[in-house]
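Below: one structure, written as C-alpha cells.
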Amino acid sequence: MVLVLEGLLMYILALRVAPGPLRGVDPANINGLGLISALPVTAFIAILIMIVSFFVTVAQSTDRKFLLLFQIAAITFALHGAGALVASEPRFPTAYIHAGFVEFISRTGETAISIDARMGWPGFFALFAFVTKAAGITDMTTILQWTPLLSNLLYLLPFVLILRQVAATTKARWFAALLFILVQWIGQDYFSPQGFTFALYLAFVAILLRWFGRVEPRTKPVPPKGLRKLLGKLDAMTPGELANTGTYRADKLLMLLMLLALFLASVASHQITPFMMMGVVTAFLIFKRTSLTWALPFLLGLLTLAWISYMTVGFWAGQIDAIFGGMGKFLQNFGSATSDRVEGSDPAHALVLQARLGILVVILSLAAAGLLRRLRRGVFDRAALILLCVPVLALGLQSYGGEIGLRIYMFALPGSCLLAAFAFFPNLPADSADVREETVPLRKRNVRFNPELTRKISVVLAACFAVLFAFAFLLARYGNEKFERVTTGEVAALHYVYDHDKPSARVLYLVPKEGPEVTPTLPWGERDVELVNFGAQALVHKDPTQIADAVRKLKEQPRNSYLMVSRGQVSYLQLNEGFSEDWGTRFRAALDASPDLKKVFSNEDAALYTWKKFVKGTEIPDPNPYKGRGDPTSPWTPVGIGALVVTWVALFGYEVIRLNGPNRAKRARRGLVFLAVPAFAISLAVIIERFIHIASNN
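Quick note: the sequence shown, position 168, residue 172 per our numbering, numbers continuous.
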C-alpha cells in the first residue's frame with residue numbers, strides 16, 4: 005500500500021509542478037509522438053513503481069481484493085488521468101459537441117435529429133441533461149475533464165464481476181484486470197454515448213455470466229472421427245466458467261429486468277452497442293453458456309429494429325445507402341479501419357499509429373497463446389472466446405466513418421485480456437478453498453520444470469509485459485495530443501462566436517480536402533447547437549500563401565460567418581498532411597494581409613476572420629428550423645406498432661415462465677410461441693415496408 009501511494013504521489017507531482025529538471029510538463033515540447041515526448045523521467049519511474057507494487061501483491065497468491073483494486077485504480081489514474089492532469093481544458097474536441105447536445109436538451113426539453121443524426125439516439129444526452137439540470141450544473145468543464153478517468157474506473161467494476169465467474173487463479177484474474185486498463189488506448193472513454201454504453205455492455209455480460217450462466221458437463225459420447233470428433237472433444241473439456249448455483253427465481257426475474265433495462269438504454273443511446281449485446285446473447289445460446297432461451301435475442305433484435313425504424317426515421321429517410329451500404333463489405337471496412345489509418349503521416353506520428361497496431365498484434369498473440377495453454381490443460385474457455393470473436397462480426401455492418409476497427413477492438417478487450425492472462429497463468433485454481441496453491445497439470449513427458457520456478461518466471465514475464473504495455477499505452481493513447489489537446493485560447497475564440505450568434509452564425513474550419521467525413525479539429529458546438537452551424541469547410545493548401553479558396557468559401561457564406569484558424573487544426577495538418585512547421589504563422593499572416601478579411605478575435609492559439617464588407621442592408625439569416633413537419637410514416641405503421649407490442653409481451657412472458665425451469669408450464673409457453681411468431685412476422689414485414697415506402701418517397 006505504501007509503495008503504490010508513493011508512486012502515485014510522485015506521478016502527480018511530476019505532472020503538476022512547474023516544468024523543470026525531471027519534473028513538470030511543458031506543452032511546447034509535445035511533438036508528433038504526443039504527450040510521451042514531454043513527460044519527465046520521474047513520471048515513468050512512478051508508473052514502474054506502481055506496477056511493481058501490484059505484482060508484489062499478486063505474487064503472494066492471496067486474493068487481497070481491496071488492495072489489488074486500489075493498486076489497479078492508482079495505475080488507472082496514472083495512465084487514463086494523465087490528460088486531465090496536464091491539460092488546462094478538457095481533451096477531445098468531439099466531447100464539446102456532446103456537451104452542446106446536453107445543453108440543448110436541458111434548455112429546450114426536446115431533441116432534434118435535424119440538427120445532428122446523433123440526436124436520433126438521445127438516451128445518453130437526455131440522461132445528463134436531466135442530471136445537470138436537477139443539480140443546477142451550467143458549466144460541464146469538470147465533467148468533460150475527468151470523464152475518461154471515471155469511465156475506466158467504472159469499467160473495472162463489471163469486468164471484475166466477469167472475472168469472478170471464470171475458473172482461473174487469482175493471478176490470472178487480476179492480471180487480466182490490469183491488462184484491461186493497460187491496453188485500453190483507443191480513447192472512446194471520453195464524454196460520449198459510446199463510452200457510456202460500453203459500461204452498459206460490460207454490465208450486461210456480467211449479469212449474463214453471473215445470474216444466467218450455464219455450465220453442464222457433456223454426457224454424450226464423443227463421435228469417432230472427423231470434425232464432429234474435434235468438436236466433441238472440445239465440448240467434453242473442463243468448462244472455463246464457474247457453475248451458477250443457488251440463485252432464486254425472484255433474483256433471476258430482477259436480473260432479467262435489469263438486462264432489458266441495460267439493453268433499452270443502449271438502444272436509445274448508441275448505434276453499435278445493441279448489436280454487440282445481441283451477438284453475445286446469441287453466441288452464448290449457440291455454445292450453451294446461458295440458461296436463457298431463444299426468445300430473448302428475438303426480443304432484443306426486434307427492439308433494435310423498431311427503434312431504428314420508428315425513432316430515427318428523420319435520419320435514415322433520405323440516406324438509406326449511407327446506413328446499409330457498408331453491410332457485408334468485410335475487406336473494405338477492415339481496410340478503412342487499419343491500413344487507411346496509418347497513411348499520410350509524418351515519421352514521428354507514424355510511430356504512434358504503428359504502436360497502436362503493435363499493441364493489437366501483441367495482445368491477440370498473447371490471447372492465442374493463452375487459449376492454447378488452457379486447451380493443453382483440458383480447459384475450454386467458451387465465454388472468453390465468444391467475447392473476443394463476436395465483435396469482429398461488426399466488420400460486416402458498416403465502416404462507421406473508418407472507426408469500426410476501434411469499436412471492435414474495444415468490445416473485444418474483455419475476452420482478449422482474459423485469454424492473454426492465461427498465456428502467463430493458465431492453471432486452474434486449487435481444488436479446495438483451504439489450499440493456497442493452484443492446481444498443477446500432470447505431464448506425460450519425463451522432464452518437467454519445477455512448478456515453483458515456473459510460477460516465479462511467469463510473474464516476472466507478466467510484469468515485463470505490463471511495463472511494456474504501460475509505456476506503449478502512453479504513446480498510443482496520447483499520440484494525438486498535439487491536436488487533440490484543447491487550449492484556453494481555442495475555447496475563448498468559440499465563446500466569442502457564441503456571444504455573437506444571434507440570430508445565427510457559421511464557423512468555417514480548415515480541411516486539406518473537402519468531404520463529408522472530415523470533422524472539425526476544434527472544440528465545436530459547446531453551446532447553441534441550433535444557432536451555430538459548423539458545416540462549412542475552407543480548403544487550404546501546403547503553400548500558406550494560397551488563401552484564395554478559403555477566402556472564396558467565406559465569401560459564399562451569409563453574414564455572421566467566421567473563418568477559424570486554431571492551434572489544433574494547424575497541428576493536425578502538420579502531423580497528418582505534411583504541412584510545414586511554420587505553416588500556421590504564415591497562413592494567419594496571409595489572412596491578416598488580405599484586403600477582403602477582417603480579424604475580429606485573436607490570441608496565441610486561435611483567430612477568427614469575417615468578411616470585411618457586406619452589401620448594405622444584408623441581414624443575418626435565421627437559423628435552420630429544427631422543428632420539421634414531423635416524421636414521415638407509411639400506411640401499415642399502426643398495424644406494425646400493434647404487432648410490436650404483442651410480440652414483446654409474448655416473448656417476455658415466455659422468458660419469464662422459462663425461469664421456473666425447462667419443464668414448467670409447457671402449454672402456456674407453447675401458446676405464447678403461437679402468438680409471438682405471427683406477430684413477429686407482421687412486425688418485421690411492417691419495418692421492411694417502412695424502409696421501402698419512406699425511402700422511396702423522400
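Where is the CB? At the ideal position from N, CA and C, for every residue including glycine.
C-alpha gap between residue i and residue j, whole angstroms
{"i": "Leu-432", "j": "Ala-63", "result": "16 Å"}
{"i": "Val-544", "j": "Leu-37", "result": "24 Å"}
{"i": "Pro-221", "j": "Leu-212", "result": "19 Å"}
{"i": "Met-259", "j": "Met-414", "result": "25 Å"}
{"i": "Trp-150", "j": "Ile-696", "result": "44 Å"}
{"i": "Ser-570", "j": "Ala-611", "result": "7 Å"}
{"i": "Arg-381", "j": "Phe-429", "result": "12 Å"}
{"i": "Ser-110", "j": "Ala-18", "result": "39 Å"}
{"i": "Asp-532", "j": "Ile-101", "result": "10 Å"}
{"i": "Ala-416", "j": "Phe-302", "result": "23 Å"}
{"i": "Leu-257", "j": "Gly-665", "result": "13 Å"}
{"i": "Ile-390", "j": "Phe-279", "result": "14 Å"}
{"i": "Ser-700", "j": "Thr-641", "result": "16 Å"}
{"i": "Leu-399", "j": "Asn-564", "result": "42 Å"}
{"i": "Arg-168", "j": "Phe-128", "result": "29 Å"}
{"i": "Ala-299", "j": "Leu-268", "result": "16 Å"}
{"i": "Arg-440", "j": "Thr-173", "result": "Annotation note: pLDDT 47 at Arg-440 (below 50); position unreliable, coordinate value reported separately. C-alpha separation (whole angstroms): 10 Å."}
{"i": "Ser-687", "j": "Gly-657", "result": "18 Å"}
{"i": "Thr-145", "j": "Asn-607", "result": "21 Å"}
{"i": "Gly-348", "j": "Leu-289", "result": "Reliability fails at Gly-348, whose pLDDT of 49 lies under 50, so the model's placement of it is uncertain and the value that follows must be treated cautiously. The straight-line gap from Cα to Cα measures roughly 44 Å."}
Residues near residue i in its chain [Cβ-Cβ closer than 8 Å; skip 5 each side]
{"i": "Asn-537", "result": "Ser-508, Ala-509, Arg-510, Val-511, Pro-627 and Asn-628"}
{"i": "Phe-384", "result": "Leu-238, Asp-239, Met-241, Thr-242, Pro-243, Gly-244 and Arg-378"}
{"i": "Pro-4", "result": "Nothing in the structure corresponds to residue 4, since the chain is present only between 5 and 702."}
{"i": "Ile-34", "result": "Ser-41, Ala-42, Glu-485, Lys-486 and Arg-489"}
{"i": "Leu-83", "result": "Ile-51, Ile-185, Leu-186, Ala-474, Phe-477, Leu-478 and Arg-481"}
{"i": "Ala-437", "result": "Residue confidence for Ala-437 is low, a pLDDT of 47 falling below 50, so the modelled location carries little weight; the figure read from the coordinates is stated next. So no residue of the chain qualifies."}
{"i": "Leu-160", "result": "Leu-73, Ile-76, Ala-77, Thr-80, Ala-181, Phe-184 and Ile-185"}
{"i": "Val-219", "result": "Pro-243, Glu-245, Leu-246, Ala-247, Asn-248 and Arg-293"}
{"i": "Glu-85", "result": "Checking the sequence, you will find Gly at residue 85 rather than Glu. Same-chain partners within the cutoff: Trp-150, Pro-152 and Leu-153."}
Sequence-distant residues of the same chain with beta carbon closer than 7 Å to residue i, five excluded per side
{"i": "Asp-255", "result": "Trp-215"}
{"i": "Asp-30", "result": "Pro-23 and Ala-42"}
{"i": "Phe-319", "result": "Ile-117, Ala-121 and Gly-124"}
{"i": "Ala-425", "result": "Ala-176, Phe-179, Ala-180, Leu-183 and Gly-374"}
{"i": "Ile-698", "result": "Val-317, Ala-321, Pro-636 and Ser-638"}
{"i": "Leu-165", "result": "Ala-210 and Arg-214"}
{"i": "Arg-253", "result": "Leu-663 and Asn-664"}
{"i": "Met-315", "result": "Gly-124"}
{"i": "Gly-217", "result": "Gln-169, Glu-245, Asn-248, Arg-293 and Thr-294"}
Where the alpha helix (DSSP H) through residue i begins and ends
{"i": "Lys-256", "result": "253–271"}
{"i": "Ala-207", "result": "197–216"}
{"i": "Leu-4", "result": "Not covered by the structure: residue 4. The range shown for the chain is 5 to 702."}
{"i": "Asn-156", "result": "145–167"}
{"i": "Pro-278", "result": "277–290"}
{"i": "His-274", "result": "Looking at the DSSP string, His-274 is not in any alpha helix (DSSP H), and its letter there is neither H nor E."}
{"i": "Phe-678", "result": "670–700"}
{"i": "Met-241", "result": "First-last for Met-241: undefined, no H or E at that position."}
{"i": "Met-414", "result": "408–426"}
{"i": "Ala-88", "result": "86–90"}
{"i": "Val-365", "result": "351–380"}
Other residues of its chain near residue i: CB distance less than 6 Å, five sequence neighbours each side excluded
{"i": "Lys-602", "result": "Thr-614 and Lys-616"}
{"i": "Ser-684", "result": "The sequence given here places Phe at residue 684; Ser does not occur at that position. Only Thr-651 meet the Cβ criterion."}
{"i": "Ser-313", "result": "Ile-691 and Arg-694"}
{"i": "Tyr-500", "result": "Phe-605"}
{"i": "Val-346", "result": "Note on Val-346: pLDDT 49, under 50, position unreliable in the model; no value is reported."}
{"i": "Leu-263", "result": "Ile-211"}
{"i": "Ser-270", "result": "Thr-201, Leu-204, Thr-277 and Pro-278"}
Cβ of residue i within 8 Å of any chain D Cβ
{"i": "Leu-357", "result": "Looking for chain D here will not work: only one protein chain is present."}
Residue i - containing beta strand (DSSP E), residue span
{"i": "Arg-510", "result": "509–515"}
Problem - Segment contact, 8 Å Cβ cut-off, at least three pairs: the region 179–194 with the region 71–83 - result: Counting Cβ pairs under 8 Å, three or more are found: they touch.
Practice task
Say whether the region 128–137 touches the region 524–539, bearing in mind that this needs 3 or more beta-carbon pairs closer than 8 Å, one atom from each stretch.
Solution key: No, they do not touch.
Exercise for the section: Write down every uninterrupted run of the alpha helix (DSSP H) in the region 102–141 whose length is 4 residues or greater and which is fully enclosed by it, in chain order. Expected result: For the region 102–141, whole alpha helix (DSSP H) runs of length 4 or above, ordered along the chain, are 127–139.
Practice task
Give, in chain order, every unbroken run of the alpha helix (DSSP H) that is at least 4 residues long and sits entirely within the region 464–540.
Solution key: You should have 485–488 and 492–503.
Exercise for the section: Indicate whether the contact test is met: 3 or more Cβ pairs, each with one atom in the region 49–56 and one in the region 13–22, closer than 8 Å. Expected result: Between the region 49–56 and the region 13–22, the count of C-beta pairs closer than 8 Å reaches three or more; the two stretches touch.
Practice task
Ignoring anything shorter than 3 residues or poking outside the region 543–615, list the beta strand (DSSP E) runs there in chain order.
Solution key: Listed in chain order, the beta strand (DSSP E) elements of length 3 or more contained wholly in the region 543–615 are 565–570, 601–606 and 610–615.
Handout entry: Touching by the beta-carbon criterion (3+ pairs, under 8 Å), the region 52–59 and the region 360–370
Key = Counting Cβ pairs under 8 Å, fewer than three are found: no touch.
Problem - Meets three-Cβ-pair contact criterion under 8 Å: the region 266–286 and the region 390–399 - result: Proximity of the region 266–286 to the region 390–399 meets the contact definition, three or more beta-carbon pairs being nearer than 8 Å.
Handout entry: Given 8 Å, three or more beta-carbon pairs between the region 187–200 and the region 92–101
Key = Taking 8 Å as the limit for Cβ pairs, the verdict is that the region 92–101 does touch the region 187–200.
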